[in-house]
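Undergrad:
Numbering (the numbering used here), first residue to last: 117 to 966.
Below, the structure written as structure tokens:
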């Protein structure tokens with residue numbers, strides 16, 4: 117059968133060939149010339165058809181190739197865009213003073229397999245969509261995830277030589293970011309077919325980055341906006357200087373450090389102010405940087421036009437920001453109107469306390485905010501009768517060196533750690549007329565036990581009457597007989613010690629509260645001791661209107677309200693008194709007196725490595741080491757006080773008696789010689805008065821909407837700041853509010869971060885030399901400062917432009933300012949120091965492995 121079929125097929129082929137030959141012969145025989153033409157035509161036709169087929173096939177191949185190229189290119193750019201977006205997201209986390217957290221996916225396939233974890237937090241898989249470019253082309257997607265390097269632990273070191281900001285301390289974190297790009301139509305097809313969605317990527321990229329966190333307080337001056345410095349008198353600014361915009365410098369400035377700008381232009385005029393922004397100056401040509409800028413201004417290294425640095429978001433000081441969230445003490449100002457009848461009785465603040473460090477210096481796993489009761493807060497408004505231990509600390513003649521290279525230039529030499537001073541000596545030699553010869557004779561005739569019993573009985577009555585008073589007592593009223601309402605001694609009072617049967621207790625009625633506090637008696641060791649009062653830890657200052665007659669203390673800021681001035685409402689915080697209250701304060705809970713010990717912060721044990729009689733040596737220092745130390749946040753609710761939310765806020769906070777802070781100094785046992793210190797942050801204005809952080813110096817910073825500085829002189833006999841409508845502060849105990857006189861030398865060791873005005877038109881913003889807002893006649897009196905000036909923009913809540921000097925505003929001090937070089941060591945940076953983020957790309961890799 118197979119052979120027959122084969123023969124039949126051969127016969128058919130032969131027959132077909134015969135037909136072809138016959139047809140051609142007929143054509144040739146008919147007209148040979150025409151036949152040749154036809155054959156050629158047919159051949160050409162077959163050839164053209166073949167070319168068309170080849171072209172069609174080639175075009176198809178080219179189209180497919182072009183589509184693949186477009187997909188590959190689009191996928192590459194999409195993956196690259198996704199890498200950049202993910203890198204920016206990571207960098208923004210660092211800019212917010214945080215670090216990324218989470219877990220990476222187990223593998224690339226985990227991003228596409230629901231049965232496998234695709235990671236968590238900042239490292240998990242994340243997909244970005246991209247358009248195909250036109251309506252007929254499929255879109256693209258890029259799936260990314262992040263791998264942390266070094267187990268997520270940052271490397272502490274210094275910026276390498278040659279890099280911007282070389283030598284500064286940094287923490288460097290490394291990350292690898294992976295991106296896989298897909299064509300959406302391919303993904304949909306694989307989903308329908310049930311095949312692996314992680315396959316078929318048209319581009320796979322990897323970018324390795326490093327994020328450097330560099331503390332802002334490692335700069336003498338750091339500005340987000342234009343930085344202008346035109347001091348009228350000679351001023352040397354030692355340390356690195358940076359602006360994220362343009363730099364304008366002139367007059368008598370010298371910069372002993374490196375200078376970097378993100379702005380492309382630099383303006384300079386040594387010896388004059390022609391380069392001020394308001395004068396519309398011409399920028400210095402780069403070819404003249406050395407002769408016109410570096411040499412005349414003593415600049416070590418100059419770099420202009422570097423990449424802008426990543427800075428914290430503008431709202432990081434808000435009541436929802438990082439400093440509120442991480443604070444250990446939160447104080448909210450809630451003032452009652454000064455025209456209200458309940459003004460004196462209402463407690464104008466609330467306090468939340470968060471314990472974050474355990475006694476063994478390990479972190480509290482779940483910190484909880486605890487609110488102080490009204491009884492506890494009431495006690496913070498009254499003077500404190502300090503213990504015999506604190507009252508016995510002797511005073512000393514502290515001093516400061518006049519040599520800028522001496523460590524005692526801004527630190528107190530032989531620091532005075534005394535707490536308060538009794539109003540007379542123990543032998544009555546300088547006692548006032550209230551202590552009559554008869555009283556002295558009677559007292560000296562008592563036995564040691566009778567003196568002790570009488571003094572302690574009287575002191576208990578003093579404390580109870582102070583706590584029973586509903587309105588705050590004025591500190592100077594403690595110098596008046598009857599200065600504490602209801603303080604009356606009778607010979608038939610309850611609980612009079614039996615040993616005092618022969619002592620007429622009623623004789624104490626002739627004494628002032630301060631004189632009663634100073635009654636001398638022997639302690640357990642037989643030493644004669646006396647006691648004394650310190651001011652209230654918190655005081656409400658200011659009036660809502662100038663015609664209000666309360667409270668007795670006010671602060672008139674001549675700069676605000678378009679330089680027409682405004683009465684401010686300030687909550688004054690006395691650092692020394694606050695620390696004492698936390699150690700041995702007393703509050704009245706119902707009818708019982710209770711201890712306030714460690715209600716604000718937990719304390720360390722007495723530390724023999726600290727300076728004698730310092731808070732740290734006495735066991736009064738805070739043990740908090742979270743975020744490197746104690747953080748206090750101060751705010752006012754802008755919903756309840758709408759004026760506080762705009763740029764004409766009349767509210768703020770005053771910080772006084774901060775010579776010694778409640779943190780740990782550089783020599784400490786609890787934190788192994790790593791100092792802690794204190795950071796105060798506020799979304800409102802802060803007024804810093806007097807010497808600050810000069811005894812047992814610690815890392816310290818103040819971050820606020822605007823920063824005002826007041827000298828040691830601006831502290832009246834009531835231990836409050838008090839200022840009327842003119843420069844200089846006033847004595848509020850006198851009816852005419854006489855001026856306390858010109859400013860006196862004041863020394864501060866603290867980093868500042870605050871809003872600063874910008875030059876508008878020819879309205880100069882005052883420059884860096886007027887970063888701290890002044891309100892007194894300094895008249896070349898020294899203002900000694902060691903720290904760092906940081907400005908991240910203009911103030912949100914005050915709008916008073918720099919008014920110039922003289923008149924009712926201020927006269928300039930002798931600005932003895934310098935960068936605190938101790939900040940070069942990371943352990944000496946203040947708690948929760950803000951940092952800028954500088955991202956550096958290490959590598960960029962394209963992979964072709966699926």
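Using N, Cα and C, we set each Cβ at its ideal position, and we do this for glycine too.
Which residues share a DSSP beta bridge with residue 383?
TA: DSSP lists 364 as partners of residue 383.
Undergrad: Would you kindly work out how many angstroms separate the C-alpha atoms of residue 119 and residue 156, rounded to a whole number?
TA: Annotation note: pLDDT 47 at residue 119 (below 50); position unreliable, coordinate value reported separately. Rounded to the nearest angstrom, the two C-alpha atoms are 40 angstroms apart.
Undergrad: Mind checking whether residue 560 and residue 594 have CB atoms under 8 angstroms apart?
TA: Cβ atoms of residue 560 and residue 594: not closer than 8 angstroms.
Undergrad: For residue 309, does the count of other Cβ atoms within 10 angstroms reach 16, so buried, or fall short, so exposed?
TA: Note that residue 309 scores a pLDDT of 48, beneath 50, so its modelled location is shaky; the value from the coordinates is reported in the next line. When all chains shown are included, residue 309 counts as exposed.
Undergrad: Tell me which residue opens and which closes the alpha helix (DSSP H) that residue 566 is part of.
TA: Counting along the chain, the alpha helix (DSSP H) containing residue 566 begins and ends at 564 to 584.
Undergrad: Consult DSSP for residue 195 and reduce its assignment to one of helix, strand or coil.
TA: The answer is helix: DSSP assigns residue 195 an H, G or I state.
Undergrad: In three-state DSSP terms, what is residue 376?
TA: Of the three classes helix, strand and coil, the one that applies to residue 376 here is strand, per DSSP.
Undergrad: Taking DSSP as the reference, what is the three-state secondary structure of residue 939?
TA: DSSP places residue 939 in helix when its eight states are reduced to three.
Undergrad: Quick one, which of 281, 384, 376 and 864 has its alpha-carbon nearest residue 904's?
TA: Comparing Cα positions, the closest option is 864.
Undergrad: Are there 16 or more other CB atoms within 10 angstroms of the CB of residue 323, so buried, or fewer, so exposed?
TA: With 16 or more other Cβ atoms within 10 Å, it is buried.
Undergrad: With 16 as the cutoff for other CB atoms within 10 Å, does residue 672 come out buried or exposed?
TA: The residue is buried, with at least 16 neighbouring Cβ atoms inside 10 Å.
Undergrad: What separation, rounded to the nearest whole angstrom, lies between the Cα atoms of residue 719 and residue 393?
TA: Going by the C-alpha atoms only, they are around 50 angstroms apart.
Undergrad: Specify, as a first and last residue, the run of the beta strand (DSSP E) that residue 445 falls within.
TA: Its beta strand (DSSP E) spans residues 445 to 449.
Undergrad: For residue 858, name the three-state secondary structure that DSSP assigns.
TA: In the structure shown, residue 858 sits in coil (DSSP, three-state: anything other than H, G, I, E or B).
Undergrad: With DSSP run on the structure shown, which of helix, strand or coil describes residue 933?
TA: The answer is strand: DSSP assigns residue 933 an E or B state.
Undergrad: I need the boundaries of the beta strand (DSSP E) containing residue 654, first residue and last residue.
TA: Looking at the DSSP string, the run of the beta strand (DSSP E) that includes residue 654 is 654 to 658.
Undergrad: Apart from the five residues just before and just after residue 721, which ones in its own chain have a Cβ nearer than 7 angstroms to its Cβ?
TA: The residues are 735.
Undergrad: Helix or strand or just coil, what does DSSP make of residue 161?
TA: Correct three-state label for residue 161: helix.
Undergrad: Leaving aside the five residues before and after residue 462 along the sequence, list all residues of the same chain whose C-beta is less than 7 angstroms from its C-beta, in chain order.
TA: Correct list, in chain order: 452.
Undergrad: With H, G and I counted as helix, E and B as strand and the rest as coil, what does DSSP make of residue 300?
TA: Residue 300 falls in the helix class under three-state DSSP.
Undergrad: Which of helix, strand or coil does DSSP assign to residue 141?
TA: Low per-residue confidence applies at residue 141: pLDDT is 49, beneath 50, and the placement is therefore not dependable, though the value from the model is reported in the following sentence. Here residue 141 sits in helix by DSSP.
Undergrad: Jot down the residue ranges of each uninterrupted alpha helix (DSSP H) in the region 484 to 567, minimum 4 residues, whole runs only, in chain order.
TA: Within the region 484 to 567, the complete alpha helix (DSSP H) runs of at least 4 residues are 490 to 495, 504 to 507 and 553 to 560.
Undergrad: Flag this pair as yes or no: are the beta carbons of residue 1037 and residue 258 separated by less than 8 angstroms?
TA: The structure shown does not extend to residue 1037, since the chain is modelled only from 117 to 966, so the question has no answer here.
Undergrad: How would you call residue 835, buried or exposed, if buried means at least 16 neighbouring beta carbons within 10 angstroms?
TA: Flag for residue 835 reads buried.
Undergrad: Quick one, which of 655, 188, 428 and 947 has its alpha-carbon nearest residue 694's?
TA: Of the candidates 655, 188, 428 and 947, the one whose C-alpha sits nearest the C-alpha of residue 694 is 655.
Undergrad: Report the residue ranges of all alpha helix (DSSP H) runs contained in full by the region 598 to 636; include only those spanning at least 4 residues, in chain order.
TA: You should have 629 to 633.
Undergrad: Rounded to whole angstroms, what is the Cα-Cα separation between residue 180 and residue 318?
TA: Residue placement at residue 180 cannot be trusted, given a pLDDT of 47 that sits under 50; what the coordinates show is reported in the next sentence. Taking the straight line from one Cα to the other gives about 14 angstroms.
Undergrad: Output the distance between the C-alpha atoms of residue 585 and residue 804, rounded to the nearest integer angstrom.
TA: Distance between the alpha carbons of residue 585 and residue 804: 29 angstroms.
Undergrad: Could you check the C-alpha separation between residue 891 and residue 460 for me, to the nearest Å?
TA: The alpha-carbon atoms of residue 891 and residue 460 are separated by roughly 28 angstroms.
Undergrad: Across which residues does DSSP place residue 802 in a beta bridge pair?
TA: Looking at the DSSP assignment, residue 802 forms a beta bridge with 769 and 823.
Undergrad: With 16 as the cutoff for other CB atoms within 10 Å, does residue 962 come out buried or exposed?
TA: Label assigned to residue 962: exposed.
Undergrad: In three-state DSSP terms, what is residue 732?
TA: In the structure shown, residue 732 sits in a helix (DSSP, three-state: H, G or I).
Undergrad: Tell me the residue span of the beta strand (DSSP E) that contains residue 65.
TA: Absent from the model: residue 65. The displayed extent of the chain is 117 to 966, so no value can be given.
Undergrad: Per DSSP, what kind of secondary structure is residue 311 in: helix, strand or coil?
TA: Confidence in residue 311 is poor, its pLDDT being 49 and thus under 50, which makes the residue's placement too unreliable to answer from.
Undergrad: Just checking: is the beta-carbon of residue 246 within a distance shorter than 8 angstroms of some beta-carbon in chain D?
TA: Among the chains in the structure shown there is no chain D, since it carries only a single protein chain.
Undergrad: Return the CA-CA distance between residue 969 and residue 325, expressed in angstroms with no decimal places.
TA: Outside the displayed span of the chain (117 to 966) sits residue 969, for which this structure offers no information.
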